[in-house]
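In the working numbering, the protein residues as written are -4 to 62.
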């Protein structure tokens, strides 16, 4: 999508940030900035998941708007 001029946002938790950076380098996408939210997700309550989704949405909007 980025190659087509459409910005993308990759959302990862803090636990998987290193892996995201390795993949970014392997794919030759040094400008891809991951949106990082706190880990974990699987053990959270619904309100906590909603809060993480808010973090992800805000971070994604920042990426899409070039902030």
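Idealized CB from N, CA, C, for every residue including glycine.
Open item on the list: Starting from residue 44, trace the alpha helix (DSSP H) in both directions and tell me its first and last residue.
Closed with: To locate residue 44, count along the chain shown from 1; it is residue 49. Counted as a single uninterrupted DSSP element, the alpha helix (DSSP H) harbouring residue 44 occupies residues 41 to 59.
Task: Residues near residue 3 in its chain [Cβ-Cβ closer than 6 Å; skip 5 each side] - done: Stepping through the chain shown from its first residue, residue 3 is reached at position 8. Residues -4 and -3 of the same chain have their beta carbon placed closer than 6 Å to that of residue 3, with the five preceding and five following residues left out of the count.
Task: Residue of 47, 5 and 19 minimising C-alpha distance to residue 34 - done: Walking along the chain shown from the start, residue 34 turns up at place 39. Minimum Cα distance to residue 34 is reached at 47.
- [ ] Please report the Cβ distance between residue 30 and residue 0, rounded to the nearest whole angstrom; I am assuming they are in contact, meaning their Cβ atoms lie under 8 Å.
- [x] Walking along the chain shown from the start, residue 30 turns up at place 35. Walking along the chain shown from the start, residue 0 turns up at place 5. The pair is not a contact, with the Cβ atoms about 20 Å apart (cut-off 8 Å).
Open item on the list: Let me check one thing: in DSSP terms, what residues is residue 32 bridge-paired to?
Closed with: Here residue 32 corresponds to residue number 37 of the chain shown, with the count starting at 1. In DSSP, residue 32 forms a bridge with 8.
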